[in-house]
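Taken in order, these protein sequences are the chains called X and U. Residue numbers for the first sequence, in this note's numbering: 2 to 307. Residue numbers for the second sequence, in this note's numbering: 5 to 311. Think of the CB as a built atom: it goes at the ideal place given N, C-alpha and C, for glycine as much as any other residue. What follows is a single structure, written as structure tokens, with notes after it.
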Amino acid sequence: MAGLTKKDAVLTAYAEKLETLDAPQGRSLSQDAFRRLSANRAAMVSIFVLGFIILAALIGPFFVPWDGGTVDWGSIRKPPDFSKGHYFGTDQNGRDLLARLLQGTQMSLMVAGVATLVSVFIGVIYGAVSGYFGGRVDAMMMRFVDIMYALPYILFVIILVVIFGRSPVLLFVGIGALEWLTMARIVRGQTLSLKEKEFVEAARAGGAKPWTIITRHIVPNLTGPVVIYATLTVPEIIITESFLSYLGLGVQEPLTSLGTLISNGTPVAEVMPWLLVFPAIVLVSMLMCLTYIGDGLRDALDPKDH
Amino acid sequence: MLGYAFRRVLSALPIALIAVTVAFFILRLAPGGPFDGERALPPDVLANLRAHYNLDQPIWMQYFIYVKGVVTGDLGPSMVVEDFTVSQLIAIGLPFTLMLGLTAFVSATAIGMLAGVVAAVNQNKWPDYALVLVVMLGVVIPNFLMGGLLQLVFGVYLKWLPAGGWVNGSLPHLVLPVTVLAWPHAARISRLMRGSMIEVLGTNFIRTAKSKGIGERLMLTRHALKPALIPVVSYLGPGLSYLLTGSLVVENIFGLPGIGKYFVTAALNRDYGLVLGTTIFYVALILVLNLLVDLVYAWLDPRVRFH
Numbered sequence: 002m003a004g005l006t007k008k009d010a011v012l013t014a015y016a017e018k019l020e021t022l023d024a025p026q027g028r029s030l031s032q033d034a035f036r037r038l039s040a041n042r043a044a045m046v047s048i049f050v051l052g053f054i055i056l057a058a059l060i061g062p063f064f065v066p067w068d069g070g071t072v073d074w075g076s077i078r079k080p081p082d083f084s085k086g087h088y089f090g091t092d093q094n095g096r097d098l099l100a101r102l103l104q105g106t107q108m109s110l111m112v113a114g115v116a117t118l119v120s121v122f123i124g125v126i127y128g129a130v131s132g133y134f135g136g137r138v139d140a141m142m143m144r145f146v147d148i149m150y151a152l153p154y155i156l157f158v159i160i161l162v163v164i165f166g167r168s169p170v171l172l173f174v175g176i177g178a179l180e181w182l183t184m185a186r187i188v189r190g191q192t193l194s195l196k197e198k199e200f201v202e203a204a205r206a207g208g209a210k211p212w213t214i215i216t217r218h219i220v221p222n223l224t225g226p227v228v229i230y231a232t233l234t235v236p237e238i239i240i241t242e243s244f245l246s247y248l249g250l251g252v253q254e255p256l257t258s259l260g261t262l263i264s265n266g267t268p269v270a271e272v273m274p275w276l277l278v279f280p281a282i283v284l285v286s287m288l289m290c291l292t293y294i295g296d297g298l299r300d301a302l303d304p305k306d307h
Numbered sequence: 005m006l007g008y009a010f011r012r013v014l015s016a017l018p019i020a021l022i023a024v025t026v027a028f029f030i031l032r033l034a035p036g037g038p039f040d041g042e043r044a045l046p047p048d049v050l051a052n053l054r055a056h057y058n059l060d061q062p063i064w065m066q067y068f069i070y071v072k073g074v075v076t077g078d079l080g081p082s083m084v085v086e087d088f089t090v091s092q093l094i095a096i097g098l099p100f101t102l103m104l105g106l107t108a109f110v111s112a113t114a115i116g117m118l119a120g121v122v123a124a125v126n127q128n129k130w131p132d133y134a135l136v137l138v139v140m141l142g143v144v145i146p147n148f149l150m151g152g153l154l155q156l157v158f159g160v161y162l163k164w165l166p167a168g169g170w171v172n173g174s175l176p177h178l179v180l181p182v183t184v185l186a187w188p189h190a191a192r193i194s195r196l197m198r199g200s201m202i203e204v205l206g207t208n209f210i211r212t213a214k215s216k217g218i219g220e221r222l223m224l225t226r227h228a229l230k231p232a233l234i235p236v237v238s239y240l241g242p243g244l245s246y247l248l249t250g251s252l253v254v255e256n257i258f259g260l261p262g263i264g265k266y267f268v269t270a271a272l273n274r275d276y277g278l279v280l281g282t283t284i285f286y287v288a289l290i291l292v293l294n295l296l297v298d299l300v301y302a303w304l305d306p307r308v309r310f311h
């Protein structure tokens, strides 16, 4: 190694050392977000609890000794009784409460899922179109959203339900079709800044049609805020559905939902408390989990807030 | 300020008209008419009835008659409650709903703001944590469940307060309904108030005020409160709308004689006329109160007057 100065030797050694080391690992945005989310204890516990509730609602009915429609004539209005397999007791008609509860949770989750999808679909498209085209189109579309905001939409849901009958499908679509307003506003705001970005300009220069730009370039970049807000929409929809069911305007017998169960349990809670307590616990823990998960996602995906 | 108020009133009118229009056309879309009884009416009688209710006119004419009726306060007859017009029923229920709603609104706003300020001043100490818990309960327990639980605990087990019903002017009968209505509202307000207060307390002009040596109380009331109120006031409008639709449930749980009770009963009985009449009234109520909120907002934040 003649002719090498001391400095060269040091540099060579350093270069060799670098070669043997692993390349520095980059962290993607989603990895960062995931790390922040898993550090949030409340959100993680909530994800587990919610996951357990969802799993129980989906596969629980196969393991429960009774099913929600069967009447056990031997035990009507009975408190929890493990020997007969009525773990949560029975209702006034002798139906097993645990089975009814699983059935009701399933229905509430289904309404929430479908209605959230409907509201995300409408909200994202409406907001992206409004933000992308801007100008007069934007002004008119957002004016319409303002008007809808001022109306007590729940009354209109009730009117629709009263006039067109009480089918669960109408409930899904009706609630979803009225919950998209905030989503549209958020999406529009994001779109306004996204459409000035270079990649949108590049797409436009390449001759992409507005619809292609919106669906292929803008919407994928909206994922973060849309996911956050969708998570926060789910509890609102669950509350709306239970509210309608509570008033007797939602899910009808023999189907049931958490709201229907609570509404049936409240008047008799003095003598048969289990009919109110168990559905209430499930509903409240679901809402609490969803709130914590939504907050956690917001903190994880939107670090600007810190 | 006056010009701003005028513009706001003008922009509220089309919203009211849209609500009336939507309501009218949904009414006409509804299957079945008010005279489809079990026994078919003789054709002459039917024709007379239809003429009396203007149903023989073309639809656009009926629309104008309906709008004119709404403007003059005539919302048509109730189709189920005999001998009453919709306007009469609303005149009975409205004062109660207004009283209930405004009591809840005012107390919730006051309590929420106070709690928010206290939590902000004591950030990360026990009053702050206590508030988080109370707020969480208010947000995750839906009003119909909260109503049932409070009824059960205070009305049935402890017997401190009446579990429901209404005796004119009796304050104890109001306590539980107002609590149920106000809790979630106060919770959201206090959360907003806490956040914005913490932000304002960190600004330079507050530091200046502190360094001048004014007391904490004066600094809060004279300097920090007004700018911190802005996000809170902007929530009051939507919050009011939530609160009033919440009165639907509260009136039904506690058996109170407001328009929310009429609305739900009418919806269950398919009394279209009454459903639409109460809807229009709810919309009008929300618009008027929103207008007031906007004016307060413009007073707090002069920038909005010039938009």
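Do you know how far the Cα of residue j is from the Cα of residue i?
| i | j | result |
| --- | --- | --- |
| X:Ser47 | X:Ser39 | 11 Å |
| X:Ala43 | X:Gly297 | 8 Å |
| X:Leu288 | X:Lys198 | 38 Å |
| X:Arg144 | X:Pro274 | 48 Å |
| U:Phe28 | U:Tyr239 | 30 Å |
| X:Gly61 | X:Leu98 | 13 Å |
| X:Ser194 | X:Asp23 | 38 Å |
| U:Ala355 | X:Ile263 | One cannot answer for residue 355 of chain U here, as it falls past the ends of chain U, which runs 5 to 311. |
| U:Val236 | U:Gln61 | 49 Å |
| X:Pro280 | U:Gly159 | 21 Å |
| U:Leu53 | U:Thr249 | 35 Å |
| X:Ile160 | U:Gly97 | 19 Å |
| X:Ile123 | X:Phe49 | 30 Å |
| U:Ala55 | U:Ile94 | 26 Å |
| X:Ala209 | U:Ala16 | 40 Å |
| X:Ala204 | X:Val138 | 22 Å |
| X:Asp306 | X:Asp33 | Note that X:Asp306 has pLDDT 48, beneath the 50 cutoff, so the model's placement of it is unreliable and the number below is only indicative. If you take the alpha carbons of X:Asp306 and X:Asp33, they lie about 15 Å apart. |
| U:Val139 | U:Tyr133 | 10 Å |
If you check the beta carbons only, do residue i and residue j fall under 8 Å apart?
| i | j | result |
| --- | --- | --- |
| U:Ser108 | U:Leu247 | According to the sequence displayed, residue 108 of chain U carries Ala and not Ser. Yes. Within cutoff. |
| X:Pro211 | X:Tyr133 | yes |
| X:Ile229 | X:Gly295 | yes |
| X:Ile164 | U:Leu33 | yes |
| U:Asn147 | U:Val254 | yes |
| U:Val117 | U:Ile193 | The sequence given here has Met at residue 117 of chain U, not Val. The answer is yes: Cβ separation under 8 Å. |
| X:Gln104 | X:Gly52 | no |
| U:Pro181 | U:Leu260 | yes |
| X:Val285 | X:Leu102 | no |
| U:Gly241 | U:Asn294 | yes |
| U:Thr101 | U:Gly262 | yes |
| X:Asp300 | X:Arg37 | yes |
| X:Thr261 | X:Leu277 | no |
| U:His189 | U:Ala302 | no |
As a quick exercise: from the options, pick the residue whose alpha carbon is nearest that of residue i.
| i | options | result |
| --- | --- | --- |
| X:Ser243 | X:Gln253, X:Val235, X:Ser258, X:Thr232 | X:Ser258 |
| X:Val65 | X:Val201, X:Leu156, X:Ile123, X:Phe89 | X:Phe89 |
| U:Tyr266 | X:Gln107, X:Leu248, X:Ala57 | X:Leu248 |
| U:Leu252 | U:Gly277, U:Tyr286, U:Val75, U:Lys230 | U:Tyr286 |
| X:Leu59 | X:Gly69, X:Thr106, X:Asp68 | X:Thr106 |
| X:Gly114 | X:Arg101, X:Pro236, X:Gly190 | X:Pro236 |
| U:Tyr70 | U:Pro46, U:Gly259, U:Val297, U:Thr25 | U:Thr25 |
| U:Leu280 | X:Leu110, X:Phe157, X:Phe53 | X:Phe157 |
| X:Tyr150 | U:Arg274, U:Ala20, U:Ser91 | U:Ala20 |
| X:Thr309 | X:Cys290, X:Leu302, X:Gly260, X:Pro255 | Here chain X has residues from 2 to 307 only, and residue 309 of chain X is not among them. |
| X:Pro226 | X:Gln104, X:Leu302, X:Gly207 | X:Leu302 |
| U:Leu178 | U:His189, U:Leu162, U:Tyr161, U:Gly151 | U:Gly151 |
| U:Trp164 | U:Ala51, U:Leu154, U:Asn172, U:Asp87 | U:Leu154 |
| X:Ile54 | X:Ala140, X:Cys290, X:Pro169 | X:Cys290 |
| U:Val90 | U:Pro99, U:Val74, U:Pro46 | U:Val74 |
Tell me, please, whether the region 203 to 217 of chain X touches the region 212 to 227 of chain U by the rule of three or more beta-carbon pairs shorter than 8 Å. Short answer: they don't touch.
Threshold first: 4 residues or longer. Then list the alpha helix (DSSP H) segments lying entirely within the region 184 to 248 of chain X, N to C. 199 to 206, 224 to 247
Do the region 115 to 124 of chain X and the region 177 to 190 of chain X touch if we need at least three Cβ pairs shorter than 8 Å? yes
Counting only runs of 4+ residues fully inside the region 187 to 268 of chain U, write out the alpha helix (DSSP H) ranges in chain order. Secondary structure remark: continuous alpha helix (DSSP H) runs of at least 4 residues inside the region 187 to 268 of chain U, in chain order: 208 to 216, 229 to 257.
Should the region 227 to 245 of chain X be regarded as contacting the region 168 to 176 of chain X, the criterion being three or more beta carbon pairs within less than 8 Å? The region 227 to 245 of chain X makes contact with the region 168 to 176 of chain X: 3 or more CB pairs, one atom from each, lie closer than 8 Å.
Three CB pairs or more closer than 8 Å across the region 104 to 123 of chain U and the region 177 to 186 of chain U: yes
Per the contact definition of three or more C-beta pairs closer than 8 Å, is the region 138 to 146 of chain U in contact with the region 288 to 296 of chain U? no
Is it the case that the region 184 to 193 of chain X contacts the region 124 to 133 of chain X, given that we only count it when at least three CB pairs across the two stretches are under 8 Å? yes
What residue ranges within the region 93 to 149 of chain X form continuous alpha helix (DSSP H) runs of no fewer than 4 residues, ordered along the chain? 98 to 134
Would the region 194 to 205 of chain U and the region 124 to 138 of chain U be scored as touching if the rule is three or more Cβ pairs under 8 Å? yes
Could you tell me which whole alpha helix (DSSP H) segments of length 4 or greater appear in the region 75 to 112 of chain U? none
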